[in-house]
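In my numbering, the protein residues as written are 2 to 450.
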(Lines of atoms letter the chains of each structure in order from A and count residues from 1; the text may use other names and numbers.)
(Lines give C-alpha, C1' and ligand atoms only; values in the text may rest on other atoms or scores of the structure.)
Protein backbone atom coordinates (compact mmCIF):
# COMPACT_ATOMS: atom_id res chain seq x y z
CA UNK A 1 0.00 0.00 0.00
CA UNK A 2 2.79 2.43 0.89
CA UNK A 3 4.62 1.68 -2.37
CA UNK A 4 1.48 2.29 -4.38
CA UNK A 5 1.00 5.56 -2.50
CA UNK A 6 4.58 6.64 -3.32
CA UNK A 7 4.09 5.78 -6.99
CA UNK A 8 0.82 7.74 -6.98
CA UNK A 9 2.49 10.76 -5.44
CA UNK A 10 5.34 10.46 -7.96
CA UNK A 11 2.87 10.40 -10.84
CA UNK A 12 1.05 13.43 -9.47
CA UNK A 13 4.33 15.32 -9.01
CA UNK A 14 5.40 14.37 -12.54
CA UNK A 15 2.05 15.45 -13.95
CA UNK A 16 2.26 18.66 -11.93
CA UNK A 17 5.71 19.43 -13.38
CA UNK A 18 4.40 18.67 -16.87
CA UNK A 19 1.40 20.94 -16.33
CA UNK A 20 3.58 23.78 -15.03
CA UNK A 21 5.82 23.36 -18.06
CA UNK A 22 2.78 23.35 -20.32
CA UNK A 23 1.40 26.53 -18.74
CA UNK A 24 4.80 28.20 -19.01
CA UNK A 25 4.94 27.29 -22.71
CA UNK A 26 1.41 28.57 -23.20
CA UNK A 27 2.37 31.84 -21.50
CA UNK A 28 5.33 32.25 -23.86
CA UNK A 29 3.08 31.65 -26.84
CA UNK A 30 0.51 34.14 -25.58
CA UNK A 31 3.24 36.71 -24.92
CA UNK A 32 4.50 36.29 -28.48
CA UNK A 33 0.94 36.69 -29.76
CA UNK A 34 0.55 39.86 -27.69
CA UNK A 35 3.73 41.23 -29.26
CA UNK A 36 2.37 40.55 -32.75
CA UNK A 37 -1.09 41.99 -32.20
CA UNK A 38 -0.21 44.97 -30.01
CA UNK A 39 0.76 47.04 -33.05
CA UNK A 40 -2.70 46.57 -34.50
CA UNK A 41 -4.50 47.77 -31.39
CA UNK A 42 -5.91 51.20 -32.02
CA UNK A 43 -5.21 52.78 -28.66
CA UNK A 44 -4.24 51.95 -25.13
CA UNK A 45 -6.93 52.64 -22.53
CA UNK A 46 -6.38 55.69 -20.37
CA UNK A 47 -4.64 55.27 -17.04
CA UNK A 48 -7.41 55.21 -14.40
CA UNK A 49 -5.17 57.28 -12.11
CA UNK A 50 -5.50 57.59 -8.36
CA UNK A 51 -8.63 56.61 -6.46
CA UNK A 52 -10.68 59.54 -5.21
CA UNK A 53 -12.08 58.98 -1.69
CA UNK A 54 -15.81 59.67 -1.34
CA UNK A 55 -16.63 61.05 2.09
CA UNK A 56 -19.55 63.46 1.78
CA UNK A 57 -23.06 62.25 2.82
CA UNK A 58 -24.33 62.90 -0.70
CA UNK A 59 -21.70 60.49 -2.04
CA UNK A 60 -22.09 57.72 0.54
CA UNK A 61 -25.89 57.79 1.05
CA UNK A 62 -26.61 55.94 -2.25
CA UNK A 63 -24.41 53.08 -1.03
CA UNK A 64 -26.46 52.40 2.11
CA UNK A 65 -28.29 49.06 2.32
CA UNK A 66 -31.18 47.70 4.34
CA UNK A 67 -31.17 44.09 5.50
CA UNK A 68 -34.14 41.79 4.87
CA UNK A 69 -33.84 38.36 6.51
CA UNK A 70 -36.20 35.49 5.72
CA UNK A 71 -38.03 34.57 8.97
CA UNK A 72 -36.62 31.49 10.67
CA UNK A 73 -40.06 29.85 10.73
CA UNK A 74 -40.28 30.20 6.93
CA UNK A 75 -36.93 28.46 6.43
CA UNK A 76 -37.77 25.78 8.98
CA UNK A 77 -41.12 25.06 7.34
CA UNK A 78 -39.41 24.49 4.01
CA UNK A 79 -36.73 22.30 5.60
CA UNK A 80 -39.37 20.25 7.39
CA UNK A 81 -41.15 19.60 4.11
CA UNK A 82 -37.99 18.83 2.12
CA UNK A 83 -35.96 16.97 4.72
CA UNK A 84 -32.99 17.77 6.91
CA UNK A 85 -30.65 20.32 5.23
CA UNK A 86 -27.07 19.33 4.43
CA UNK A 87 -23.79 21.26 4.40
CA UNK A 88 -20.86 21.71 2.05
CA UNK A 89 -19.27 18.39 3.00
CA UNK A 90 -22.27 16.39 1.78
CA UNK A 91 -22.27 18.18 -1.57
CA UNK A 92 -18.53 17.64 -2.07
CA UNK A 93 -18.76 13.95 -1.18
CA UNK A 94 -21.28 13.52 -3.98
CA UNK A 95 -19.22 15.38 -6.61
CA UNK A 96 -20.04 13.84 -9.99
CA UNK A 97 -18.05 15.93 -12.48
CA UNK A 98 -14.33 16.63 -12.92
CA UNK A 99 -12.37 19.69 -13.93
CA UNK A 100 -9.74 19.04 -16.61
CA UNK A 101 -6.13 20.19 -16.38
CA UNK A 102 -5.18 22.92 -18.84
CA UNK A 103 -3.26 20.41 -20.98
CA UNK A 104 -6.55 18.62 -21.66
CA UNK A 105 -8.53 21.77 -22.50
CA UNK A 106 -9.09 23.10 -26.01
CA UNK A 107 -6.75 25.67 -27.52
CA UNK A 108 -9.65 28.13 -27.67
CA UNK A 109 -10.22 27.74 -23.95
CA UNK A 110 -6.53 28.15 -23.12
CA UNK A 111 -6.31 31.26 -25.31
CA UNK A 112 -8.56 33.11 -22.89
CA UNK A 113 -5.98 32.84 -20.07
CA UNK A 114 -3.93 35.88 -19.04
CA UNK A 115 -0.78 36.59 -21.06
CA UNK A 116 0.99 38.07 -18.04
CA UNK A 117 1.21 37.15 -15.31
CA UNK A 118 0.87 33.54 -16.40
CA UNK A 119 -1.46 31.17 -14.58
CA UNK A 120 0.30 28.58 -12.44
CA UNK A 121 -2.80 26.40 -12.19
CA UNK A 122 -5.56 26.27 -14.78
CA UNK A 123 -8.56 24.03 -15.41
CA UNK A 124 -11.57 23.82 -17.70
CA UNK A 125 -14.97 22.41 -16.86
CA UNK A 126 -16.49 19.07 -17.76
CA UNK A 127 -17.40 19.12 -21.48
CA UNK A 128 -20.99 18.33 -20.55
CA UNK A 129 -21.21 21.78 -18.96
CA UNK A 130 -19.58 23.67 -21.82
CA UNK A 131 -21.48 22.10 -24.71
CA UNK A 132 -23.91 25.03 -24.73
CA UNK A 133 -23.01 28.74 -24.58
CA UNK A 134 -26.14 29.51 -22.57
CA UNK A 135 -24.49 28.94 -19.18
CA UNK A 136 -21.47 31.14 -18.38
CA UNK A 137 -19.26 31.33 -15.25
CA UNK A 138 -18.41 34.79 -13.90
CA UNK A 139 -17.72 34.66 -10.15
CA UNK A 140 -15.48 32.69 -7.81
CA UNK A 141 -14.78 32.53 -4.09
CA UNK A 142 -11.99 30.31 -2.78
CA UNK A 143 -11.68 28.48 0.53
CA UNK A 144 -9.34 31.20 1.79
CA UNK A 145 -12.37 33.46 2.06
CA UNK A 146 -13.75 31.26 4.84
CA UNK A 147 -10.50 30.14 6.50
CA UNK A 148 -9.95 30.31 10.25
CA UNK A 149 -13.58 30.94 11.09
CA UNK A 150 -14.75 27.53 12.25
CA UNK A 151 -16.16 26.23 8.99
CA UNK A 152 -17.39 22.65 9.20
CA UNK A 153 -16.30 21.01 5.98
CA UNK A 154 -13.07 19.06 5.87
CA UNK A 155 -12.25 19.75 2.20
CA UNK A 156 -10.55 22.60 0.40
CA UNK A 157 -13.36 24.19 -1.58
CA UNK A 158 -13.86 26.65 -4.42
CA UNK A 159 -17.29 27.97 -5.33
CA UNK A 160 -17.95 29.25 -8.86
CA UNK A 161 -21.12 31.07 -9.84
CA UNK A 162 -22.70 30.53 -13.27
CA UNK A 163 -25.62 32.38 -14.86
CA UNK A 164 -27.86 31.28 -17.70
CA UNK A 165 -28.41 33.66 -20.57
CA UNK A 166 -31.54 35.73 -20.17
CA UNK A 167 -32.31 35.56 -23.89
CA UNK A 168 -31.17 32.13 -25.12
CA UNK A 169 -31.93 28.48 -24.51
CA UNK A 170 -34.89 27.05 -22.66
CA UNK A 171 -37.31 29.73 -21.46
CA UNK A 172 -37.60 27.91 -18.13
CA UNK A 173 -33.85 28.26 -17.53
CA UNK A 174 -33.34 31.84 -18.66
CA UNK A 175 -31.52 33.95 -16.11
CA UNK A 176 -31.15 31.17 -13.53
CA UNK A 177 -28.06 30.96 -11.30
CA UNK A 178 -26.16 27.89 -10.14
CA UNK A 179 -22.98 27.30 -8.13
CA UNK A 180 -20.30 24.70 -8.76
CA UNK A 181 -19.06 23.34 -5.42
CA UNK A 182 -15.49 22.30 -6.25
CA UNK A 183 -13.54 19.87 -4.08
CA UNK A 184 -10.01 21.28 -4.41
CA UNK A 185 -8.33 19.06 -1.81
CA UNK A 186 -6.07 17.49 -4.44
CA UNK A 187 -4.85 20.01 -7.08
CA UNK A 188 -4.44 17.13 -9.53
CA UNK A 189 -8.07 15.97 -9.16
CA UNK A 190 -10.66 18.73 -8.87
CA UNK A 191 -14.24 17.44 -8.74
CA UNK A 192 -17.49 19.38 -8.42
CA UNK A 193 -21.26 19.20 -7.98
CA UNK A 194 -23.95 21.70 -8.99
CA UNK A 195 -26.29 23.48 -6.57
CA UNK A 196 -29.13 25.63 -7.92
CA UNK A 197 -29.76 28.96 -6.18
CA UNK A 198 -33.36 29.63 -5.18
CA UNK A 199 -35.57 32.02 -3.23
CA UNK A 200 -38.23 30.66 -0.81
CA UNK A 201 -41.81 31.81 -1.04
CA UNK A 202 -43.08 34.02 1.77
CA UNK A 203 -45.00 31.18 3.41
CA UNK A 204 -42.09 28.72 3.23
CA UNK A 205 -44.14 26.14 1.34
CA UNK A 206 -42.22 26.39 -1.95
CA UNK A 207 -39.31 28.11 -3.71
CA UNK A 208 -38.51 29.62 -7.08
CA UNK A 209 -35.24 29.79 -8.98
CA UNK A 210 -33.06 32.85 -8.45
CA UNK A 211 -33.01 34.87 -11.66
CA UNK A 212 -29.86 36.94 -11.33
CA UNK A 213 -26.51 37.52 -13.07
CA UNK A 214 -24.16 36.22 -10.37
CA UNK A 215 -21.20 38.36 -11.44
CA UNK A 216 -19.91 38.65 -7.87
CA UNK A 217 -19.74 36.16 -5.00
CA UNK A 218 -18.15 36.04 -1.54
CA UNK A 219 -18.14 33.30 1.02
CA UNK A 220 -17.60 34.35 4.63
CA UNK A 221 -18.06 32.03 7.60
CA UNK A 222 -21.20 29.99 6.85
CA UNK A 223 -22.77 32.49 4.43
CA UNK A 224 -22.54 33.05 0.70
CA UNK A 225 -23.32 36.54 -0.65
CA UNK A 226 -24.03 36.97 -4.37
CA UNK A 227 -24.87 39.94 -6.57
CA UNK A 228 -28.45 40.50 -7.67
CA UNK A 229 -29.72 41.65 -11.04
CA UNK A 230 -29.48 45.21 -12.29
CA UNK A 231 -32.70 47.15 -11.89
CA UNK A 232 -34.12 44.74 -9.27
CA UNK A 233 -35.04 45.62 -5.70
CA UNK A 234 -32.24 43.51 -4.22
CA UNK A 235 -28.56 44.40 -4.40
CA UNK A 236 -27.28 41.19 -2.76
CA UNK A 237 -28.72 37.80 -1.83
CA UNK A 238 -27.53 35.81 1.19
CA UNK A 239 -27.32 32.01 1.40
CA UNK A 240 -26.60 29.76 4.38
CA UNK A 241 -24.16 26.99 3.47
CA UNK A 242 -25.68 24.81 6.19
CA UNK A 243 -29.13 25.04 4.55
CA UNK A 244 -28.58 23.16 1.30
CA UNK A 245 -31.53 20.92 0.43
CA UNK A 246 -31.57 17.65 -1.51
CA UNK A 247 -34.11 17.37 -4.31
CA UNK A 248 -36.14 14.22 -4.94
CA UNK A 249 -37.39 14.61 -8.52
CA UNK A 250 -35.08 15.12 -11.52
CA UNK A 251 -37.47 17.27 -13.55
CA UNK A 252 -37.00 20.55 -15.46
CA UNK A 253 -39.41 22.24 -13.07
CA UNK A 254 -38.34 24.23 -9.99
CA UNK A 255 -40.02 23.88 -6.62
CA UNK A 256 -42.73 21.54 -5.36
CA UNK A 257 -43.79 19.03 -8.01
CA UNK A 258 -45.89 15.85 -7.99
CA UNK A 259 -43.87 13.32 -6.05
CA UNK A 260 -41.53 15.72 -4.28
CA UNK A 261 -39.13 18.59 -5.03
CA UNK A 262 -37.25 19.57 -8.16
CA UNK A 263 -34.51 22.06 -9.10
CA UNK A 264 -34.31 22.00 -12.89
CA UNK A 265 -32.78 18.54 -12.73
CA UNK A 266 -30.07 19.34 -10.16
CA UNK A 267 -29.64 17.20 -7.08
CA UNK A 268 -29.28 20.12 -4.68
CA UNK A 269 -30.93 23.49 -4.20
CA UNK A 270 -30.04 26.31 -1.81
CA UNK A 271 -32.83 28.73 -0.77
CA UNK A 272 -31.85 32.30 0.13
CA UNK A 273 -31.97 33.28 3.80
CA UNK A 274 -31.97 37.02 3.20
CA UNK A 275 -31.15 39.94 0.95
CA UNK A 276 -29.87 43.52 1.03
CA UNK A 277 -31.50 46.41 -0.80
CA UNK A 278 -30.28 49.94 -1.44
CA UNK A 279 -32.26 52.34 0.72
CA UNK A 280 -32.63 54.83 -2.14
CA UNK A 281 -34.21 52.29 -4.48
CA UNK A 282 -33.18 49.80 -7.17
CA UNK A 283 -29.80 50.27 -8.78
CA UNK A 284 -29.63 51.37 -12.38
CA UNK A 285 -32.87 53.37 -12.29
CA UNK A 286 -33.21 57.03 -13.27
CA UNK A 287 -34.57 57.92 -9.82
CA UNK A 288 -31.62 56.74 -7.75
CA UNK A 289 -27.84 57.03 -7.76
CA UNK A 290 -27.46 53.55 -6.28
CA UNK A 291 -24.64 51.64 -8.04
CA UNK A 292 -25.25 48.14 -9.36
CA UNK A 293 -22.74 45.79 -7.69
CA UNK A 294 -20.79 44.12 -10.46
CA UNK A 295 -18.27 42.07 -8.53
CA UNK A 296 -17.39 41.31 -4.91
CA UNK A 297 -14.44 40.16 -2.83
CA UNK A 298 -13.55 39.57 0.80
CA UNK A 299 -11.32 42.16 2.45
CA UNK A 300 -9.43 40.97 5.52
CA UNK A 301 -8.43 44.36 6.87
CA UNK A 302 -6.08 44.92 9.81
CA UNK A 303 -8.98 45.71 12.16
CA UNK A 304 -12.18 44.35 10.57
CA UNK A 305 -13.23 41.97 7.81
CA UNK A 306 -15.29 43.53 5.09
CA UNK A 307 -17.08 43.04 1.80
CA UNK A 308 -15.69 45.02 -1.14
CA UNK A 309 -17.87 45.79 -4.15
CA UNK A 310 -17.31 47.50 -7.49
CA UNK A 311 -19.90 49.19 -9.64
CA UNK A 312 -20.99 47.47 -12.84
CA UNK A 313 -20.48 49.57 -15.98
CA UNK A 314 -19.97 48.65 -19.65
CA UNK A 315 -16.34 48.32 -20.75
CA UNK A 316 -16.59 51.40 -23.01
CA UNK A 317 -18.61 53.52 -20.56
CA UNK A 318 -17.72 57.12 -19.70
CA UNK A 319 -19.23 56.66 -16.25
CA UNK A 320 -16.64 56.65 -13.47
CA UNK A 321 -17.20 53.51 -11.43
CA UNK A 322 -17.29 53.38 -7.64
CA UNK A 323 -15.61 51.00 -5.21
CA UNK A 324 -16.88 50.64 -1.67
CA UNK A 325 -16.63 48.51 1.47
CA UNK A 326 -19.04 47.21 4.14
CA UNK A 327 -17.98 45.46 7.34
CA UNK A 328 -19.23 42.10 8.58
CA UNK A 329 -20.95 41.73 11.92
CA UNK A 330 -18.89 40.48 14.85
CA UNK A 331 -22.02 39.26 16.66
CA UNK A 332 -21.78 35.41 16.87
CA UNK A 333 -25.52 35.16 16.31
CA UNK A 334 -25.11 37.00 12.97
CA UNK A 335 -22.20 35.02 11.54
CA UNK A 336 -21.51 35.95 7.93
CA UNK A 337 -24.00 38.84 7.83
CA UNK A 338 -23.15 42.49 7.32
CA UNK A 339 -22.92 44.89 10.24
CA UNK A 340 -26.19 46.80 10.71
CA UNK A 341 -27.50 49.55 12.94
CA UNK A 342 -30.63 49.22 15.09
CA UNK A 343 -32.82 49.92 12.05
CA UNK A 344 -31.20 47.18 9.97
CA UNK A 345 -29.22 49.59 7.79
CA UNK A 346 -25.73 48.92 6.46
CA UNK A 347 -23.43 51.84 5.72
CA UNK A 348 -20.36 51.88 3.50
CA UNK A 349 -17.32 52.48 5.71
CA UNK A 350 -15.09 53.34 2.72
CA UNK A 351 -15.88 54.51 -0.79
CA UNK A 352 -13.85 55.62 -3.80
CA UNK A 353 -14.35 56.69 -7.38
CA UNK A 354 -12.11 55.52 -10.20
CA UNK A 355 -11.85 56.61 -13.82
CA UNK A 356 -11.97 52.92 -14.76
CA UNK A 357 -14.95 51.30 -16.46
CA UNK A 358 -15.84 47.70 -17.20
CA UNK A 359 -14.53 46.37 -13.88
CA UNK A 360 -15.12 42.62 -13.74
CA UNK A 361 -12.93 41.72 -10.77
CA UNK A 362 -11.98 43.61 -7.61
CA UNK A 363 -9.61 42.64 -4.81
CA UNK A 364 -8.55 44.73 -1.80
CA UNK A 365 -5.20 43.94 -0.22
CA UNK A 366 -3.74 45.61 2.87
CA UNK A 367 0.02 45.90 2.85
CA UNK A 368 1.98 46.20 6.08
CA UNK A 369 2.14 49.80 7.24
CA UNK A 370 -0.50 51.04 4.79
CA UNK A 371 -3.55 52.75 6.28
CA UNK A 372 -5.64 52.05 3.16
CA UNK A 373 -5.79 49.02 0.88
CA UNK A 374 -4.57 48.73 -2.69
CA UNK A 375 -7.24 47.60 -5.11
CA UNK A 376 -6.57 45.12 -7.89
CA UNK A 377 -9.07 45.70 -10.71
CA UNK A 378 -9.65 43.30 -13.58
CA UNK A 379 -11.07 45.08 -16.63
CA UNK A 380 -13.08 43.67 -19.51
CA UNK A 381 -11.63 44.08 -23.01
CA UNK A 382 -12.95 46.97 -25.05
CA UNK A 383 -14.17 46.58 -28.62
CA UNK A 384 -10.63 46.90 -30.00
CA UNK A 385 -8.81 44.29 -27.95
CA UNK A 386 -9.01 40.60 -27.10
CA UNK A 387 -7.50 40.66 -23.62
CA UNK A 388 -8.50 42.84 -20.71
CA UNK A 389 -6.27 44.66 -18.24
CA UNK A 390 -5.35 44.23 -14.57
CA UNK A 391 -4.53 47.36 -12.58
CA UNK A 392 -3.35 47.93 -9.03
CA UNK A 393 -4.85 51.18 -7.91
CA UNK A 394 -4.81 53.24 -4.71
CA UNK A 395 -5.08 56.86 -3.65
CA UNK A 396 -1.58 57.56 -4.99
CA UNK A 397 -2.01 56.25 -8.53
CA UNK A 398 -2.36 53.15 -10.70
CA UNK A 399 -0.07 50.58 -12.31
CA UNK A 400 -0.99 47.82 -14.76
CA UNK A 401 0.44 44.38 -15.49
CA UNK A 402 2.27 44.55 -18.83
CA UNK A 403 3.38 42.23 -21.64
CA UNK A 404 4.51 42.28 -25.24
CA UNK A 405 7.29 44.18 -26.98
CA UNK A 406 5.60 47.55 -26.50
CA UNK A 407 4.69 46.77 -22.88
CA UNK A 408 0.95 46.90 -23.56
CA UNK A 409 -1.20 46.45 -20.48
CA UNK A 410 -3.89 44.42 -22.31
CA UNK A 411 -2.53 41.23 -20.77
CA UNK A 412 -5.25 39.94 -18.47
CA UNK A 413 -8.03 37.46 -19.22
CA UNK A 414 -10.13 37.65 -22.38
CA UNK A 415 -13.39 37.15 -20.47
CA UNK A 416 -12.40 38.20 -16.94
CA UNK A 417 -14.38 37.11 -13.90
CA UNK A 418 -14.22 38.04 -10.25
CA UNK A 419 -11.08 37.76 -8.07
CA UNK A 420 -10.61 35.81 -4.81
CA UNK A 421 -7.46 35.79 -2.70
CA UNK A 422 -6.28 32.68 -0.87
CA UNK A 423 -3.98 33.94 1.84
CA UNK A 424 -2.72 30.47 2.79
CA UNK A 425 -0.97 30.02 -0.58
CA UNK A 426 -0.80 33.70 -1.54
CA UNK A 427 -2.69 33.05 -4.79
CA UNK A 428 -5.48 34.82 -6.61
CA UNK A 429 -8.25 32.72 -8.17
CA UNK A 430 -10.24 33.96 -11.14
CA UNK A 431 -12.14 32.90 -14.25
CA UNK A 432 -11.70 33.58 -17.94
CA UNK A 433 -14.35 32.27 -20.26
CA UNK A 434 -14.58 28.55 -19.44
CA UNK A 435 -11.23 28.46 -17.57
CA UNK A 436 -10.70 28.48 -13.80
CA UNK A 437 -7.16 29.55 -12.90
CA UNK A 438 -4.89 30.86 -10.15
CA UNK A 439 -1.96 33.31 -10.16
CA UNK A 440 0.34 34.11 -7.21
CA UNK A 441 -0.25 37.64 -5.97
CA UNK A 442 3.53 38.10 -6.03
CA UNK A 443 3.53 37.35 -9.78
CA UNK A 444 0.90 40.01 -10.32
CA UNK A 445 3.00 42.57 -8.48
CA UNK A 446 6.11 41.55 -10.43
CA UNK A 447 4.24 42.10 -13.71
CA UNK A 448 3.24 45.66 -12.87
CA UNK A 449 4.78 48.23 -15.20
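Even for Gly, the Cβ is constructed at its ideal location relative to N, Cα and C.
- Selection 237, 268, 243, 240 evaluated against residue 250 yields 268 as nearest (Cα-Cα).
- Nearest to residue 124 by alpha-carbon distance, out of 343, 403, 432, is 432.
- Here DSSP, grouped into helix, strand and coil, assigns residue 92 to helix.
- Put simply, the region 61-76 does not touch the region 158-178. Fewer than three CB pairs are less than 8 Å apart.
- DSSP places residue 447 within a helical segment (H, G or I) once states are collapsed to three.
- If you ignore the 5 residues before and after residue 142, its C-beta comes within less than 7 Å of the C-beta of 160, 218, 219, 220, 421, all in its own chain and listed in chain order.
- Each residue's CA atom was taken as its position, placing residue 402 and residue 315 some 21 Å apart.
- The C-alpha of residue 360 is placed about 15 Å away from the C-alpha of residue 51.
- Contact fails between the region 392-399 and the region 338-346, because fewer than three Cβ pairs, one in each stretch, are under 8 Å apart.
- Excluding the 5 residues flanking it on each side, residue 383 has same chain C-beta neighbours closer than 8 Å at 46, 316, 317, 359, in chain order.
- A distance below 9 Å separates the beta carbons of residue 301 and residue 367.
- As for any beta strand (DSSP E) of minimum length 3 sitting wholly inside the region 412-440, the runs are 421-423, 428-433, ordered along the chain.
- Residue 333 sits in a helix when the DSSP states are folded into three classes.
- Look at the region 252-331 and you find these whole runs of beta strand (DSSP E), each 3 residues long or longer: 255-258, 261-264, 269-279, 294-301, 306-312, 323-328.
- Per DSSP, residue 121 is not a residue of any alpha helix (DSSP H), being assigned neither H nor E.
- DSSP places residue 201 outside any alpha helix (DSSP H); the residue lies instead in the beta strand (DSSP E), whose first and last residues are 190-201.
- For residue 364, the enclosing beta strand (DSSP E) starts and ends at 360-366.
- Sequence-distant partners of residue 288 (beyond 5 residues in either direction) whose C-beta falls short of 7 Å from its own C-beta, in its chain, are 282.
- Beyond the five residues adjoining it in sequence on each side, residue 110 comes within less than 6 Å, by CB distance, of 125, 435, 436 in the same chain, given in chain order.
- Around residue 140, the same chain offers 161, 162, 215, 216, 217, 218, 227, 228, 296, 297, 418, 419, 432 as residues with beta carbons nearer than 8 Å, after the five sequence neighbours per side are excluded.
- Beta-bridge partners assigned by DSSP to residue 111: none are found.
- Within the same chain, and ignoring the five residues on either side of residue 377 in sequence, the residues whose Cβ sits closer than 6 Å to its Cβ are 364, 393.
- In this structure, residue 313 sits away from residue 55, with a CB-CB distance that is not shorter than 9 Å.
- Counted as a single uninterrupted DSSP element, the stretch harbouring residue 128 is not any beta strand (DSSP E) but the alpha helix (DSSP H) occupying residues 128-131.
- In this structure residue 292 touches residue 63 by the C-beta definition: roughly 7 Å separates them, less than 8 Å.
- Taking a cut-off of 8 Å for Cβ pairs, the region 88-108 and the region 251-267 do not touch, as fewer than three such pairs fall below it.
- Counted as a single uninterrupted DSSP element, the beta strand (DSSP E) harbouring residue 138 occupies residues 136-143.
- The closest CA to that of residue 303, considering only 369, 351, 191, 241, is found on 369.
- Within 10 angstroms of the beta-carbon of residue 241 lie 16 or more other beta-carbons, which makes it buried.
- In this structure residue 128 is exposed. Its beta-carbon is surrounded by fewer than 16 other beta-carbon atoms within 10 angstroms.
- Here residue 414 is not near residue 450, since their CB atoms are 9 Å or more apart.
- Out of 347, 119, 274, the CA that lies nearest to the CA of residue 428 is found in 119.
- Cβ-Cβ separation between residue 334 and residue 121: approximately 40 Å, too far for a contact (criterion under 8 Å).
- If you compare the alpha carbons of 244, 299, 165 with that of residue 130, the shortest gap goes to 165.
- The beta carbon of residue 206 sits closer than 8 Å to the beta carbons of 78, 79, 82, 257 from its chain, once the five residues preceding and following it are set aside; these are given in chain order.
- By the CB criterion at 9 Å, residue 307 and residue 279 fall outside the cutoff.
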